[in-house]
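A.B. asks: Residue numbers in the sequence shown follow my numbering, run continuously in steps of one, and reach 472 at the last position.
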Amino acid sequence: MEMGMKRELSSFDIMVLLQELKELIISSLIDNIYQINENTLLLKLHKKGESPLWMVLEAGKRFNLTAYSFEKPKKPTQFCMALRKYLRGGKIKSVEQHEFERILKFSIENRSEIFYLICEFFRNGNVILTDSEFKILHALHYRRMRDRDVIRGEKLVFPPSSGLNPLKIDLEKLREIRNLSDFQIVRALTKFLSIGGLYAEEILNIAGIDKKTRVKNLSEKDLQKIYEAIQHLIESAEREVKPQIIIDKEGEPIDVVPFELTKYRDFKKVRLNRFNEAIDKFYTEYYVKGLTERVSEKVEKEIAKYEAILREQVESKRSIQEEIERSRRIGDTIYSHLNELTHLKRVIEDCRDKGLKLDEIEYILNSEKKAGKTPYVYFEGLNPEKREMKIALNGETFQISIFDSIYKDAERYYERAKTLERKLEGLKKAIQEMEERIRKLQERGEIEKRESLKVKPIRKRKWYEKFRWFY
2 MEMGMKRELS SFDIMVLLQE LKELIISSLI DNIYQINENT LLLKLHKKGE SPLWMVLEAG
62 KRFNLTAYSF EKPKKPTQFC MALRKYLRGG KIKSVEQHEF ERILKFSIEN RSEIFYLICE
122 FFRNGNVILT DSEFKILHAL HYRRMRDRDV IRGEKLVFPP SSGLNPLKID LEKLREIRNL
182 SDFQIVRALT KFLSIGGLYA EEILNIAGID KKTRVKNLSE KDLQKIYEAI QHLIESAERE
242 VKPQIIIDKE GEPIDVVPFE LTKYRDFKKV RLNRFNEAID KFYTEYYVKG LTERVSEKVE
302 KEIAKYEAIL REQVESKRSI QEEIERSRRI GDTIYSHLNE LTHLKRVIED CRDKGLKLDE
362 IEYILNSEKK AGKTPYVYFE GLNPEKREMK IALNGETFQI SIFDSIYKDA ERYYERAKTL
422 ERKLEGLKKA IQEMEERIRK LQERGEIEKR ESLKVKPIRK RKWYEKFRWF Y
């Protein structure tokens, strides 16, 4: 089964994480805020007499407390500076999940004022700072959308609900799913409840109902089973948390879940004690992988550009070498046929002395050529504009002057070979420099990859202290 890697937290994930972390986060003071990449914030929190906590807020993906040390930018972004202005030194009064959506709302008190930090973990995500009246002060991304706008100075409007809150649903309310009669039940559940496809499938697996069943074909008993499966899932999220990272056949992590799911029954798993720990490990490794991939992509793009130049240089080198050899061969050919080529020149000169035009001269030479006479068989034509004669001899076709001595013709080809040799030397040097540049780029890429991996555990532990492998 081919599966993609998990990209963002689900509503159930956020619910479980919040249960686990709420007590740690609430009443913490915000010491500092860092923006470690375009979409990721790192908040340093502390409570009196306790070790600092580091909270990651990654728009569109995840939030968690991290046991890893991330490299902080030397210069904060404008958004980061704005958050520091309003929130640094503030106390987190509360944190809650908005209507079982993939949205967290932090209430922060600072200098007797209340601010809200809204974190959205769906689609591209966002982080929005508002005042106590939910007027937008700053946002990671300002947007105008079909159903709402995120604009500075305007009141924050939460996105439309993605479905009913499964924590508040009863059997009577669930029966309204029949309004989606033509839908397959798995799709109907994702539209009706604010849950994703993974948990919709899990509900149906628990209920023993084929996910492709049309809603109109469900019996009252089927609906009862679905309702009971929803309650079972909620109970698992509340009381039976068994965090695990799911590993595919290639040994790659593809998902992180808070409790056992039937879909992953036969998968290898890494089990951990706390869901936050599982999220931290899963997404930090994903973050590091993303960093190295971005570094690789950037360097490889640059290398590809220089390799294209190098290919052109190597092709030019080959062409120049061929032209050098050809020029020398022509010079040698001219010297080895001095008398014959000189004879052709004299014939042309004699004809011109008699007042014949070049086209008349060309006719005479071609007539002799047709008769198979040497050296006329070497003649290919005249070029009046350049005052040259075209010769085909020893497998080469070349031009010689009509008026200059044959020695000058040979010398011109030898001189051309020397000029090209000088050009070739310069090109060889340029090729060496380009090869060296590519080599250094490759080395730099490796160094930058290592530099990008400056995400290290805050406290080092042996691997077997962190997790256990299960098959």
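Don't be surprised by glycine CBs; every beta carbon is placed ideally from N, CA and C.
#1: Answer with buried or exposed for residue 103, where buried requires no fewer than 16 other C-beta atoms within 10 angstroms of its C-beta.
#2: Assuming residue 342 and residue 401 are in contact, meaning their beta carbons sit under 8 angstroms apart, how far apart are those beta carbons, in whole angstroms?
#3: Measuring CB to CB, does residue 31 end up less than 9 angstroms from residue 46?
#4: Is the beta carbon of residue 271 less than 9 angstroms from the beta carbon of residue 246?
#5: Roughly how many angstroms lie between the CA atoms of residue 195 and residue 16, to the nearest whole one?
#6: Going by Cα to Cα distance, which pick from 344, 60, 29 and 61 is closest to residue 50?
#7: Could you pull the start and end residues of the beta strand (DSSP E) that residue 258 belongs to?
#8: Could you give the C-beta distance for residue 167 and residue 207, rounded to a whole number, given that I count them as a contact under 8 angstroms?
#9: Whole angstroms is fine: what's the gap from residue 222's alpha carbon to residue 165's?
#10: Is the region 183-190 touching the region 146-162, taking contact as three or more C-beta pairs under 8 angstroms?
#11: CB-CB under 7 angstroms to residue 381, same chain, minus the five flanking residues each way: which ones, in chain order?
#12: Could you give the distance in angstroms between the alpha-carbon of residue 108 and the alpha-carbon of residue 72?
#13: If you compare alpha carbons, which of 306, 276 and 200 is closest to residue 264?
#14: In three-state DSSP terms, what is residue 230?
#15: Considering only DSSP beta bridges, list what residue 114 is partnered with.
#16: For residue 10, count the other beta carbons within 10 Å of its own beta carbon; 16 or more makes it buried, fewer makes it exposed. Which is it?
#17: Since residue 274 and residue 65 should fall inside the 8 angstroms C-beta cutoff, what is the C-beta to C-beta distance between them, to a whole number of angstroms?
#18: Among 361, 204, 379 and 180, whose alpha-carbon lies nearest the alpha-carbon of residue 233?
#19: Within 9 angstroms (strictly less), CB to CB, does residue 138 reach chain D?
C.D. replies: In terms of the structure at hand:
#1: Locating residue 103 in the sequence shown gives position 102, counting from the first residue. With 16 or more other Cβ atoms within 10 Å, it is buried.
#2: Counting from 1 along the sequence shown, the entry for residue 342 is found at position 341. Counting from 1 along the sequence shown, the entry for residue 401 is found at position 400. Confirmed, Cβ separation roughly 6 angstroms.
#3: By 1-based counting over the sequence shown, the position of residue 31 is 30. By 1-based counting over the sequence shown, the position of residue 46 is 45. In contact: residue 31 and residue 46 (Cβ atoms closer than 9 angstroms).
#4: As a first step, residue 271 must be located in the sequence shown, where it is residue number 270. As a first step, residue 246 must be located in the sequence shown, where it is residue number 245. Yes, these two residues count as a Cβ contact at 9 angstroms.
#5: Counting from one through the sequence shown, the residue named residue 195 turns up at place 194. Counting from one through the sequence shown, the residue named residue 16 turns up at place 15. Going by the C-alpha atoms only, they are around 12 angstroms apart.
#6: Taking the sequence shown and counting its residues from 1, one reaches residue 50 at position 49. Measuring from the Cα of residue 50, the nearest candidate turns out to be 29.
#7: Here residue 258 refers to the residue found at position 257 of the sequence shown. First-last of the beta strand (DSSP E) with residue 258: 254-258.
#8: By one-based count along the sequence shown, residue 167 stands at place 166. By one-based count along the sequence shown, residue 207 stands at place 206. About 13 angstroms separates the two Cβ atoms, so there is no contact after all.
#9: To locate residue 222, count along the sequence shown from 1; it is residue 221. To locate residue 165, count along the sequence shown from 1; it is residue 164. The straight-line gap from Cα to Cα measures roughly 21 angstroms.
#10: Judged by Cβ distances under 8 angstroms, the region 183-190 makes no contact with the region 146-162, as fewer than three pairs qualify.
#11: Position 380 of the sequence shown holds residue 381. Excluding sequence neighbours, residue 381 sits near 391, 392, 393 and 398.
#12: Numbered from its first residue, the sequence shown carries residue 108 at position 107. Numbered from its first residue, the sequence shown carries residue 72 at position 71. A direct Cα-to-Cα measurement between residue 108 and residue 72 gives close to 27 angstroms.
#13: One-based indexing of the sequence shown puts residue 264 at position 263. Ranking 306, 276 and 200 by CA distance to the CA of residue 264 puts 200 first.
#14: Taking the first residue of the sequence shown as 1, we reach residue 230 at position 229. Of the three classes helix, strand and coil, the one that applies to residue 230 here is helix, per DSSP.
#15: Taking the sequence shown and counting its residues from 1, one reaches residue 114 at position 113. The partner list for residue 114 (beta bridge, DSSP) reads 111.
#16: The residue you call residue 10 lines up with position 9 of the sequence shown. That one is buried.
#17: Mapped onto the sequence shown, residue 274 falls at position 273. Mapped onto the sequence shown, residue 65 falls at position 64. Contact doesn't hold; Cβ gap of about 14 angstroms is too wide.
#18: Taking the sequence shown and counting its residues from 1, the one referred to as residue 233 is at position 232. Of 361, 204, 379 and 180, the residue nearest in Cα terms is 204.
#19: Here there is only one protein chain, and chain D is not present.
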